[in-house]
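Chemist:
4 protein chains.
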Amino acid sequence: MAGSTWGTIFRITTWGESHGKGVGVTIDGCPAGLSLCQEEIQRYLDRRKPGQSRFATARQEGDQIEILSGVFEGKTTGTPIGLMVRNQDQRSRDYSNIMEVYRPGHADYCFDAKYGFRDYRGGGRSSGRETIGRVAAGAIAGKLLAAYGIRVDAYTKSIGEIEVDPSRFDLTVRDQNQLYMPDVVAAKQASAYLENLMKEQDSAGGVVECIIRGAPAGIGEPVFDKLDACLAKAVMSIGAVKGFEVGDGFAAARSRGSVNNDCFYVDSSGKVKKRTNHAGGILGGISDGSDIVFRAAFKPTPSIARSQETVNRAGENVEITVKGRHDPIVVPRAVVVVEAMAALTVADLLLMGKSARMEADEMPW
Amino acid sequence: MAGSTWGTIFRITTWGESHGKGVGVTIDGCPAGLSLCQEEIQRYLDRRKPGQSRFATARQEGDQIEILSGVFEGKTTGTPIGLMVRNQDQRSRDYSNIMEVYRPGHADYCFDAKYGFRDYRGGGRSSGRETIGRVAAGAIAGKLLAAYGIRVDAYTKSIGEIEVDPSRFDLTVRDQNQLYMPDVVAAKQASAYLENLMKEQDSAGGVVECIIRGAPAGIGEPVFDKLDACLAKAVMSIGAVKGFEVGDGFAAARSRGSVNNDCFYVDSSGKVKKRTNHAGGILGGISDGSDIVFRAAFKPTPSIARSQETVNRAGENVEITVKGRHDPIVVPRAVVVVEAMAALTVADLLLMGKSARMEADEMPW
Amino acid sequence: MAGSTWGTIFRITTWGESHGKGVGVTIDGCPAGLSLCQEEIQRYLDRRKPGQSRFATARQEGDQIEILSGVFEGKTTGTPIGLMVRNQDQRSRDYSNIMEVYRPGHADYCFDAKYGFRDYRGGGRSSGRETIGRVAAGAIAGKLLAAYGIRVDAYTKSIGEIEVDPSRFDLTVRDQNQLYMPDVVAAKQASAYLENLMKEQDSAGGVVECIIRGAPAGIGEPVFDKLDACLAKAVMSIGAVKGFEVGDGFAAARSRGSVNNDCFYVDSSGKVKKRTNHAGGILGGISDGSDIVFRAAFKPTPSIARSQETVNRAGENVEITVKGRHDPIVVPRAVVVVEAMAALTVADLLLMGKSARMEADEMPW
Amino acid sequence: MAGSTWGTIFRITTWGESHGKGVGVTIDGCPAGLSLCQEEIQRYLDRRKPGQSRFATARQEGDQIEILSGVFEGKTTGTPIGLMVRNQDQRSRDYSNIMEVYRPGHADYCFDAKYGFRDYRGGGRSSGRETIGRVAAGAIAGKLLAAYGIRVDAYTKSIGEIEVDPSRFDLTVRDQNQLYMPDVVAAKQASAYLENLMKEQDSAGGVVECIIRGAPAGIGEPVFDKLDACLAKAVMSIGAVKGFEVGDGFAAARSRGSVNNDCFYVDSSGKVKKRTNHAGGILGGISDGSDIVFRAAFKPTPSIARSQETVNRAGENVEITVKGRHDPIVVPRAVVVVEAMAALTVADLLLMGKSARMEADEMPW
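Quick note, the sequences are listed as chains R, S, C and W, same order. For the first sequence, position 113 matches number 113 in this note's numbering, and the numbering has no gaps at all. For the second sequence, position 3 matches number 1003 in this note's numbering, and the numbering has no gaps at all. For the third sequence, position 349 matches number 2349 in this note's numbering, and the numbering has no gaps at all. For the fourth sequence, position 248 matches number 3248 in this note's numbering, and the numbering has no gaps at all.
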């Protein structure tokens, strides 16, 4: 156990630390017969690779994925898919500044409190490199969903106070700017904001939004494994995420029933639809056939070059300056991680739902 | 599976529908030797019982808990604790208005889409009565946590736009008003707001906040079973919750690293503490020894007396008027449900953490 | 956790003790739309009810099942099915002889060692009454399997040294004798053997065999969740079972490859079949389309009236005489328990297999 | 899911095929602070390595283990331990004889029936190489158990009809013969028997026995996760195992209660002991403090050089001759696999038991 496994049917288990030999993931429960090649996974990984923008760490990593098992003659076999990325940039460093000292905003202190010691090299298991396994597995989940006509897209909705303007929203421009914002004007403003923060040796947070299109009604289990509950856990399990909301989220708490309820209607083709989507595509924990929309709030990167007050393992008050160049914001690189976790969650619940009814021919999928 | 089970070690499974014979829960994995009596569970249940305030449904239910197993001579035996509440107020009703018609904002349509049909009596499994099992089990989890010096307290933070004023915050007054607000002035304003909404046949949402005190550092598993991720799922699995945040939550996304980082220091007794608690007591998914603070956003009750546009099972556009008296707000009765889910989650991760280290004598608990 | 849950998709959780208020089970994950009534479950339960034969305990129990949830208008709804049997024969007894003394062959000592104390009334949770939940849930699993054309039949294969003669094997006579033997001659011999043992205040063991007919090839997961591995655990989890074998079992260990291998052939209808079935219908942990055949060895009932050497809680050597009338053999009443566990296991793996392939139309079921 | 995961707290997930890039395992939930080096794992693996005896396949594999994560400065960190062995002997072969034809006694047909196709190279996932992950993880579980004073030892009890003579039993000679028999005379007889079988192009089965010493009373969960039930599944999940028994096993079914019951007594040191151990150290599914003893029956190796009747994918009756040199018996190499599975099972239940009681200072461990 110990928390490195996600999913019940489409189940992944990740391993690896920032400065160990590598990071990896095993996917068990992927149906047989899904066509899959290394490049399809690599394309996802490249979206979170470091060293790609001036707002991301300069660590040099090829992050080259290797499929170790579970794929034969270009198709998944139904047996576990082993994936691995070897760490490259593990050059001998001076870790003395974080070996004995707890970085504010990081998990250093908590790991020591829990386990008695920790792999202090670059954050060890709590490093952002841990997400490589999620993204690699998420690429496969995404491909599975595509076969069911389901598409998952995430993007940066806001950085600090700068937010995407709904009137300028254009998903096609997302990949044309380093911040993965679907609004070129906001992206430019956010870049300037970040440049300024970097000069001040400070960092920013932001919000990632995710839209899942094409999901049939019926995904999600009542009570504890509600679709939104599972998505919440999936997304909150990404480092630095401090909040999650679906549909109108916290704004719904200030609304009224007469406004917040989405009225159903039957469209000209006889399909049940909703006039609005305050619910974000989920009612009672089960998808309703509308777009599924959720948001995740990321805190500012805790690693900042400024001197900060903290304590060391010996229990003394000390100052710490976190050396090295760090991402002034994690949000752009986290976009694909959010997409991956959403895809993993929906894929698992989709497969789970295959046994919801006795009559297979009446099943929604 | 199918989603009625929560937890890995301290594991609960609930059953029951709104207008079936009753609702219940089985708790497996509660350690032996915890003293427990029916009254302790009843006290929790009474906090969510209907018919207690003018803002809650008038349904008459004693909600009398019965311990069926797992307790012997006043102590838990380590074997499953079976709990049941018989439904009383199941008088024959006219369900024709919801049998064939999908209520907006409810799970009716989604259940039919998933299963082909549904128990339409009062919402069936998606009724708020489903939370009785959670609260009953949560009472036991709360008692377990108390033995470790951990205390869970939730309260209404806001109703509609009316929010508790931090300067007036007083947890001791929470139980003195029907809205469970720790601020008598806000409670009075919110009551007036709700009275008005009821006249307009409308409903309100709100925010519940929860504080967990006394938790040692080290609770939570890295990666997928982070403490905040588990709390997020726990709370989002409660019907009507649309958002979750820990510590500063969404506000952290607009902050800066230099502000959002909580500095550590050693206090005069040699204990590691934090100057601030923007993180809400969790770093890297593991408790840091500070108060754990989170919030849940509840949408307005979807059952409103106004006529609404919707569709029926036959796929026709129709009007619906949800009859009967309904809670104009679910928040006050949900406070104890949030408490219960938090207690269940922390208890499970606490027990899980018992095998985090080889050296039992060095364990944090 | 703590071991009261079986299955992943078709998942059951049992509760209850011998002399508590009752025993029960919750089934979560049963597909919606299975027609089900109380009588179908009752029929299974009646096969394990006490007081039915001179070889079974005289305890008077109606063992009347009550469906508490999950069934609506005669069909399963896809939500948890709660089932309960109230204990009736709980009259105040004198338990002093087993309260402080550990019965040889029973779990008394182990429960105290594990939990510090135990519910000593009639064995508490380790009583044979615990199997009521299994049988009730197994009745539903059996019904599910029937819809797929799968039938599970168990019977007494041997009692003590007396074994069913293959040349006289006739499943139709199984229910015509109190020992559930498919051979009237062996049943008569075994009855005489048991009568004699009872006079000697002694008890017997025996072997139950189970045949699962109609299972398609493809059930079971490779590696750890092999069909035979899951059946082994299912059956070994029944109290008093000390051995499990599939197909030729232990005899295969003395055979040769050229004899033990089952040759495949294509029959006139084009179906792949096997010339022999040494494998018992399972190859590599996956059903091969032949009959699945396994056996379980039950030890002699440990409760015997003879005086036996043992120890008490105070750590003193004492003598014990287990009072009351006990089954001189558990095998006949265990036949339906074996059937139930087999049905639960196959049903779960069958549903699990629904996501084995991408192409639903090529799936074996 | 899909069956490649074992354990709840001490949880392993394996991956890899016979002729893919390699095989591996991830262990999640190993407590932090266990000292561990590559050599300790390698020593276990070397016991199952091919090419070591004239009774084992001549495949040349170094089976060199690599620790990829989870160990830092010689100690486990509490985070997942990634282990991998690269396959070496994957030279291009002619698989045409098994690509289209189903080998009798193998899983070929079942994999095709389940998944629609299979990785036919050397058995793919159903190859004996799959056990490498089990053994590597088992080495770590064994080390964990050693820290609690628990030792697991398996050995060959019989090959074909040749059985270890109890009067000659000597565990110290086990590793001095290629068959891992604790009886040099029996080993010599079995060698001659196997030589003869090989001349006849045939194969043999056998029985492995395992003794677990030093386990405290209290390991195992009541009802479904009984210690013997878990051991049964663990062992039956090893390819080629057809039977499992604990203590007297199938012989107990022919015994009497007065003989089969193990009487308790208090020894001179005040410890509760048993006069006999017919139960094999487990009562009611919970360890009783005696040696835990179980046996596994292995069928004869199905790969034999003789021509056999079978079918091909096209559904035609054909003859097959399995080429290459195969183990005429799997038992000797399986001994360490049985040990590994036993260690994994006991370690998991031991950690699970850490939360059995409220009062930590009264816990058995």
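Every residue, glycine too, gets a C-beta built ideally from N, C-alpha and C. Since we're looking at a predicted model, the values are computed, not measured.
Sort out for me which residues DSSP pairs S:Arg1047 with in a bridge.
Modeler: Paired residue(s): none; S:Arg1047 is not in a bridge.
Chemist: Give the residues of chain R in contact with W:Gly3138, contact being defined as C-beta atoms less than 9 Å apart.
Modeler: Chain R residues near W:Gly3138: none, gap ~18 Å exceeds 9 Å.
Chemist: Compile a chain-ordered list of the residues in the region 352-364 of chain R whose CB is closer than 7 Å to at least one CB of chain C.
Modeler: Listed by position, the residues of the region 352-364 of chain R near chain C (Cβ gap below 7 Å) are Lys354, Ser355, Ala356, Arg357, Met358, Glu359.
Chemist: Can you list the residues of chain W that S:Ile1079 reaches, using a CB-CB cut of under 7 Å?
Modeler: The amino acid at residue 1079 of chain S is misidentified as Ile; the sequence shows Thr. Correct list: Pro3222.
Chemist: Between which two residues does the alpha helix (DSSP H) carrying R:Glu195 extend?
Modeler: First-last of the alpha helix (DSSP H) with R:Glu195: 184-199.
Chemist: Tell me the DSSP bridge mates of S:Gln992?
Modeler: This structure cannot speak to residue 992 of chain S, because chain S is shown only from 1001 to 1365.
Chemist: State the DSSP-derived secondary structure class of W:Val3164, mapped to helix, strand or coil.
Modeler: Coil.
Chemist: Closest by CA to R:Leu83, which one among R:Arg134, R:Gly249, R:Lys114, R:Ala217?
Modeler: When only C-alpha atoms are compared, the closest one is R:Arg134.
Chemist: Mind listing the chain C neighbours of R:Gly149? Cutoff is C-beta to C-beta under 8 Å, in chain order.
Modeler: Chain C residues near R:Gly149: none, gap ~13 Å exceeds 8 Å.
Chemist: So that I know if they touch, is there some Cβ in chain R lying closer than 7 Å to that of W:Glu3039?
Modeler: No, its Cβ sits nowhere closer than 7 Å to a Cβ of chain R.
Chemist: Can you confirm whether W:Gln3189, when its beta carbon is compared against all beta carbons of chain C, has any partner nearer than 7 Å?
Modeler: No, its Cβ sits nowhere closer than 7 Å to a Cβ of chain C.
Chemist: If I follow the unbroken beta strand (DSSP E) through C:Arg2295, where does it start and stop?
Modeler: C:Arg2295 -> beta strand (DSSP E) spans 2292-2298.
Chemist: Just the chain C side, please: which residues come within less than 7 Å of R:Ile9 by C-beta, in chain order?
Modeler: Simply Ser2355.
Chemist: Do we get a CB-CB distance below 7 Å when we pair C:Tyr2236 with the residues of chain W?
Modeler: Checking the sequence shown, residue 2236 of chain C turns out to be Met, not Tyr. Yes, because at least one Cβ of chain W sits closer than 7 Å to the Cβ of C:Met2236.
Chemist: Please report the distance separating the alpha-carbon of W:Lys3114 from that of C:Asp2288.
Modeler: Their Cα atoms are separated by approximately 10 Å.
Chemist: Hey, out of S:Lys1143, S:Phe1117, S:Val1208, whose CA is closest to S:Ser1158's CA?
Modeler: Ranking the options by Cα distance to S:Ser1158, first place goes to S:Val1208.
Chemist: Name the DSSP beta bridge partners of R:Lys242, please?
Modeler: According to DSSP, R:Lys242 bridges with nothing at all.
Chemist: Under 7 Å between C-beta atoms, does S:Arg1125 make it to chain R?
Modeler: Taking Cβ atoms only, chain R reaches closer than 7 Å to S:Arg1125, which makes this a yes.
Chemist: Starting from W:Pro3031, find everything on chain S with Cβ-Cβ shorter than 8 Å and list it in chain order.
Modeler: What W:Pro3031 touches in chain S: Ser1355, Ala1356, Arg1357, Met1358.
Chemist: Counting only runs of 4+ residues fully inside the region 3080-3134 of chain W, write out the alpha helix (DSSP H) ranges in chain order.
Modeler: List check, alpha helix (DSSP H) in window: 3096-3099, 3108-3115.
Chemist: Name the DSSP bridge partner or partners of R:Gly24?
Modeler: R:Trp15, R:Met84, per the DSSP bridge assignment.
Chemist: Which residues of chain S have a Cβ atom closer than 9 Å to the Cβ of R:Tyr180, listed in chain order?
Modeler: Within 9 Å Cβ-Cβ: nothing; R:Tyr180 doesn't reach chain S, min ~15 Å.
Chemist: Secondary structure at W:Cys3263, three-state DSSP: helix, strand or coil?
Modeler: Coil at W:Cys3263, not helix or strand.
Chemist: Please identify, using Cβ separations under 7 Å, the residues of the region 95-109 of chain R that lie next to chain S, in order along the chain.
Modeler: Residues Tyr102, Pro104, Gly105, His106, Ala107, Tyr109.
Chemist: Going along chain S in order, which residues have a C-beta closer than 7 Å to the C-beta of R:Leu83?
Modeler: Per Cβ cutoff of 7 Å: no residues; R:Leu83 is ~16 Å from chain S at best.
Chemist: Would you kindly report the start and end of the unbroken beta strand (DSSP E) that includes S:Asp1153?
Modeler: Run containing S:Asp1153: 1151-1159, per the beta strand (DSSP E) assignment.
Chemist: Listing by chain order, which chain S residues have their CB less than 9 Å from the CB of R:Val272?
Modeler: Going along chain S in sequence order, the residues near R:Val272 (Cβ under 9 Å) are Tyr1102, Tyr1109, Ala1113, Val1311, Gly1315.
Chemist: According to DSSP, what are the bridge partners of C:Glu2209?
Modeler: BP columns for C:Glu2209 point to C:Tyr2155, C:Arg2295.
Chemist: Buried or exposed for W:Cys3172, please, with buried defined as at least 16 other CB atoms from any protein chain shown within 10 angstroms of its CB.
Modeler: One detail in the question is off: residue 3172 of chain W reads as Thr in this sequence, not Cys. Per the 10 Å Cβ criterion, exposed.
Chemist: Whose Cβ in chain W lies nearer than 8 Å to the Cβ of S:Leu1034?
Modeler: Here the neighbours are Met3358.
Chemist: Of all Cβ atoms in chain S, is any one closer than 7 Å to the Cβ of C:Thr2345?
Modeler: No - not a single Cβ of chain S is within 7 Å of the one on C:Thr2345.
Chemist: Bridge partners for C:Arg2357 per DSSP, in chain order?
Modeler: Beta-bridge pairing links C:Arg2357 to R:Ala32.
Chemist: Out of R:Glu319, R:Asp165, R:Ala204, which has the shortest C-alpha to C-alpha gap to R:Ala186?
Modeler: Comparing Cα positions, the closest option is R:Asp165.
Chemist: Please classify R:Ile9: does DSSP put it in a helix, a strand, or coil?
Modeler: Coil.
Chemist: What do you reckon, are the CB atoms on W:Ala3137 and W:Ile3219 nearer than 7 Å?
Modeler: For W:Ala3137 and W:Ile3219, no; Cβs fall outside 7 Å.
Chemist: Leaving out the 5 sequence neighbours to the left and right, which residues in its chain are closer than 6 Å to R:Arg213 when beta-carbon positions are compared?
Modeler: Arg151, Asp291, listed in sequence order.
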